[in-house]
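Position one of the sequence shown corresponds to residue 0 (numbering that gives the first Met the number 0), numbered consecutively onward. The beta-carbon is built from N, C-alpha and C at its ideal position, and this holds for glycine as well. The structure under discussion appears below in the form of structure tokens.
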Amino acid sequence: MRAPPRTGSAISAEQPAQLRKLVAEAKADAARFCRYMKVARLEDLPAARFEAAVAALEAKKAKGGA
Numbered sequence: 000m001r002a003p004p005r006t007g008s009a010i011s012a013e014q015p016a017q018l019r020k021l022v023a024e025a026k027a028d029a030a031r032f033c034r035y036m037k038v039a040r041l042e043d044l045p046a047a048r049f050e051a052a053v054a055a056l057e058a059k060k061a062k063g064g065a
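Shown next as structure tokens:
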């Protein structure tokens, strides 16, 4: 069993691509989303916040990208 991610640990190498796909599907602006998540780039997102990022994008996608 893996230990929970440390607050400061970065997301995995594959996760930025997952986020980029969700950004596109949600018709979101990647730069605005990074500002919302308080990171310079998706690769800088802490692992502890990955699920929150996915949830935010999924919610936006459910609203039709509004």
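- At the C-beta level, Lys62 and Ala27 stay beyond 8 angstroms of one another.
- Per DSSP, the continuous alpha helix (DSSP H) segment holding Glu24 begins and ends at 14-24.
- When DSSP states are grouped into helix, strand and coil, Ala9 belongs to the strand group.
- At least 8 angstroms separates the beta-carbon of Ala51 from that of Ser8.
- Judged by beta-carbon spacing, Ala25 lies within the 8 angstroms limit of Leu56, meaning their Cβ atoms are closer than that value.
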